[in-house]
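Shown next, in structure tokens, is the structure this report addresses.
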Amino acid sequence: MTVTLDRHGSVAVLTIDNPPVNALKTAVRARLFDLAAQIEADASVSAIVLCGAGKLFVGGADIAEFDRPPEDPTLPDLIARIEAATKPWVAAIHGSALGGGLELALACHARVASPGATLGLPEVNLGIIPGAGGTQRLPRLIGLAAAIPVVAERDMLDTTRAAALGLVDRIIDGPLVDGAVAFASGLSTLPTPARSRPLQDPGPAFWEAAAARMSKAAKGQTAPPAALAALRYGLDHAVEAGLRHERETFLSLRSSAESAALRYLFFAERAAPRPAALRGVAPRDIASVGILGGGTMGSGIAAAVRNAGLSVVLSERDPAALEKGLGTVKCIFDAAARRGLSTEAEATARMAGVTGCIGLEGLSGCDLVIEAVFEDLAVKRAVFADLARLCRPEAILATNTSYIDPRAIAEGLPSPDRFIGLHFFSPAQVMKLLEIIPIPDTAPDVLAAAFDLARRLGKVPVQSGICEGFIGNRILKRYRAEAEVMLRTGVSPADIDAAMRGFGYAMGPFEMQDMAGLDISFMNREAARARGENVPETPGDLLVRAGRKGMKTGGGWYDYAAGDRTPRPSDEAQQIIAPLIGPRTSLPADQIVERLVGAMATEGQAILDEGIAASPAEIDLVQVHGYGFPRTKGGPMFQITRKAKP
Ligand code: T1G
Ligand code: NAD
């Protein structure tokens, strides 16, 4: 099934039917291409309505086809045939008209839409630009000032805004096809195709502002500036030249490593919430959530859960700690409203859905309790023993531990089938990664509930087996260790950090340590030494012992001026660590990157071999969504696999 043809009097209704998103795969394009010729020759047809089956119009070209050369008829071929028709084609849009889907609608002579539809050109998310006329037809319909954000900045239009801009000719409140047929039947003349309409220059200020936004928001990405250039090219050249330039740019970007990485992540992110092992397993119900501990993590998790519309009870030890925790949650909601991510009213409503309690009794009615107390096994075991006594046996009990073996936390708990690890990342209301760590007793419907919770929270869930640091922190440890090996050979922290920033990280490994604080890992090493483990002195130890704990003490690997977060190379730090460092040397940036990304991938391969992670893509999701690995590079496993390709 690809496209069906029905008749409503003299109007032909074509319905694209290619679940789940009506992607314009080759078979769909070919069928439409043939039907367009057939209908054009059919004198009994006066007009055509094009619509989509299921929940949307068309979700775009078939991204899965991008690893192969384009197949005829290409989307531009199909669009040219529709545009040349002597009978009016009317696109009837519901749900979404995205990418090639919107370009197909732009080829039509008119567009009608149900309320609440979404129209956009999100190709830049995939490292490409629209490749079937979007950069040339959209601005001729809605003007360049409105088109720039849609084409180059992922702006989406809803039906109302699209109608106000002239992209949608009529909003159909009733049955869409009937309304579209009536609209098509009422067209007395053939509307001027988008490509034939004039284009006005919005003026240099618009272009400068767009370029400035792009250089900030799309740092390190190739497609957004290329999309802006395609729009500009269309202003300075005839439409045919503009279409040719757009297609050449699209084909070039489509074959780029950056687009391959972004398409790889697109599919990995959509597969993540639905692990094969959980197919058919109904998740255990979660309607009310308790958070135990209102510190750094507890307050962030409470905000994340509340943002998903779930009610939250936050428990702390004493009134002062509870007031602090609730205050932190309120600050998070208020900050989001200040940044325009929500309204003031929404912030107030969200906070109203968070109640506080002292001690654990207030959590007894929750369907799920997430523990975020101190990273101390005895403390965690004590609170879970109390929770098991107070909560219903089917209430899910989850730990947010970073390093402790969840089996040790759960040992001896009644109904261990309801115990699981939910490892959020700081700040929990922002970071999308959620590592899900079942213990051997964890019931399937509890594991399914964890994945379903991730979906409701808009998180990217990755299941991890049990090892020190699970997936993410284990790779982070290897990354830092390799950076330290490089440091000891005499390569400077500044060169290493600069190389990783050049690769696309927001900051390098040493800058990151200064921001988080060197004392955390120092205390871990000291604790290991106290347990009699042989942990050799590290340069970080020397710095902490000298009082250089990072940004919070005005210096760590780098110096920081008061109130200034800019890292400055530090002679003092260099002298302190000198006993452990070889003579100063330098390495080319690409070699630094290759060694550090290689170390991550080597650890990733060990994680796969041990069955801690199920696939390379899941390891890459952890790195991209938990540790700032640049999306345009796909992840350490993607990088290594791509390098290995002939
Ligand atoms: N091609 C192939 N598969 C797609 C797809 C696409 N365009 N969009 C979604 N899927 C798969 C997805 O992987 C998942 O598969 C299933 O459909 C449901 O997706 C020429 C070149 C449309 C808003 O970027 O934004 O057109 O995991 O979970 O939440 O210029 O999918 O079930 O096996 O996201 O209901 C431009 C991408 C393409 C839009 C629906 N279009 N898709 O959301 O479902 S490039 C896009 C979405 C292009 C032209 C250029 C969303 C959606 P599986 P889902 P959803
Ligand atoms: P934190 O010290 O900021 O907060 C811990 C909170 O738990 C404190 O507010 C404390 O008052 C409260 N608490 C302790 N005992 C309690 C009890 N019996 N009843 C109620 N409240 C109690 O610690 P954090 O950084 O939020 O870390 C919490 C957990 O999350 C730890 O297991 C940590 O390893 C893990 N984690 C931390 C991060 C991070 O970046 N900070 C990231 C992921 C996971």
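Take -9 as the starting number for the sequence shown in this note's numbering and just add one per residue. Heads up, the beta-carbon is just placed ideally off N, CA and C, and yes, glycines get one too. Quantities reported herein were computed from a predicted structural model and do not represent experimental measurements.
Nearer than 6 Å: is that true of the beta carbon of residue i relative to any heavy atom of the ligand NAD?
| i | result |
| --- | --- |
| R379 | no |
| M287 | yes |
| T318 | no |
| S454 | no |
| V363 | yes |
| V373 | yes |
| R21 | no |
| E306 | yes |
| A388 | no |
| T391 | yes |
| S416 | yes |
| A311 | yes |
| I411 | It should be pointed out that residue 411 corresponds to Gly in this sequence rather than to Ile. No, the Cβ of G411 stays beyond 6 Å of every heavy atom of the ligand NAD. |
I'd like to check one pair, residue j with residue i: are the Cβ atoms closer than 7 Å?
| i | j | result |
| --- | --- | --- |
| L508 | G540 | yes |
| L189 | R130 | yes |
| R127 | L96 | yes |
| Y469 | D504 | no |
| S454 | I602 | yes |
| P626 | A604 | no |
| G124 | M146 | no |
| V271 | A438 | yes |
| A54 | F628 | no |
| L577 | V481 | yes |
| F512 | V534 | yes |
| E608 | V452 | yes |
| I456 | L412 | no |
| N390 | A433 | no |
| L155 | H84 | no |
| G284 | G315 | yes |
| C356 | G280 | yes |
| V319 | C347 | no |
| G462 | V612 | yes |
| I486 | A506 | no |
| I276 | L443 | yes |
Hey, would you say the C-beta of residue i is under 6 Å away from at least one heavy atom of the ligand T1G?
| i | result |
| --- | --- |
| D52 | yes |
| R445 | no |
| V11 | yes |
| S246 | no |
| E113 | yes |
| G355 | no |
| A122 | yes |
| A261 | yes |
| L88 | yes |
| L65 | yes |
Using a Cβ-Cβ cut-off of 6 Å (strictly less than) and excluding sequence neighbours within five positions of residue i, which residues of its own chain qualify?
| i | result |
| --- | --- |
| P181 | H99 and A100 |
| G90 | L14, G50, A51, L65 and A122 |
| P417 | G290 |
| L177 | P78 |
| N297 | none |
| H615 | K422, L423 and V450 |
| A43 | T5 and D7 |
| A326 | S332 |
| S405 | P383 |
Report all residues from its chain with a CB closer than 8 Å to the CB of residue i; omit the five preceding and five following residues, and keep chain order.
| i | result |
| --- | --- |
| L350 | L282, S305, V373, D376, L377 and L380 |
| A219 | T239 |
| H227 | H235 |
| K243 | Looking at the sequence shown, residue 243 is not Lys but Leu. Excluding sequence neighbours, L243 sits near G117, I118, I119, T212, A213, A216 and S249. |
| L570 | R478, E527, T528, P529 and L532 |
| E401 | R371 |
| A488 | G498 and A579 |
| L268 | P434, L437, A438 and F441 |
- [ ] For the stretch 404 to 465, list the alpha helix (DSSP H) runs that are entirely contained and at least 4 residues long, ordered along the chain.
- [x] 434 to 447, all fully within the stretch 404 to 465.
| message | Give the list of continuous beta strand (DSSP E) stretches no shorter than 3 residues that lie fully inside the stretch 372 to 403. | response | The DSSP assignment places complete beta strand (DSSP E) segments of no fewer than 3 residues inside the stretch 372 to 403 at 386 to 389, in order along the chain.
| said: At 3 residues or longer, what runs of the beta strand (DSSP E) sit wholly inside the stretch 159 to 215? | reply: As far as the stretch 159 to 215 is concerned, it has no whole beta strand (DSSP E) run of at least 3 residues.
Go through the stretch 534 to 584 residue by residue and report every complete run of the alpha helix (DSSP H) that reaches 4 residues or more, in order.
If we require 4 residues or more, the alpha helix (DSSP H) runs fully inside the stretch 534 to 584 come out as 561 to 567.
- What are the uninterrupted segments assigned as beta strand (DSSP E) that are 3 or more residues long and contained completely in the stretch 279 to 342, given in chain order? Within the stretch 279 to 342, the beta strand (DSSP E) runs of at least 3 residues that lie entirely inside it are, in chain order, 301 to 306.
What residue ranges within the stretch 8 to 59 form continuous alpha helix (DSSP H) runs of no fewer than 4 residues, ordered along the chain?
With a minimum length of 4 residues, the continuous alpha helix (DSSP H) runs that stay inside the stretch 8 to 59 are 16 to 30.
Quick check on the DSSP output: what are the complete beta strand (DSSP E) runs of length 3 or more inside the stretch 341 to 372, in order along the chain? Within the stretch 341 to 372, the runs of beta strand (DSSP E) that reach at least 3 residues and sit entirely inside it are, in chain order, 344 to 348 and 358 to 361.
For this session: Just list the alpha helix (DSSP H) runs in the stretch 60 to 101, keeping only unbroken ones of 4 residues or longer that don't cross its boundaries, in chain order.
Result: The qualifying runs are 65 to 73 and 90 to 97.
Subject >> Whole runs of the alpha helix (DSSP H) within the stretch 477 to 502, excluding any shorter than 4 residues >> reply: Entirely contained in the stretch 477 to 502, the alpha helix (DSSP H) runs reaching 4 residues are, in chain order, 483 to 493.
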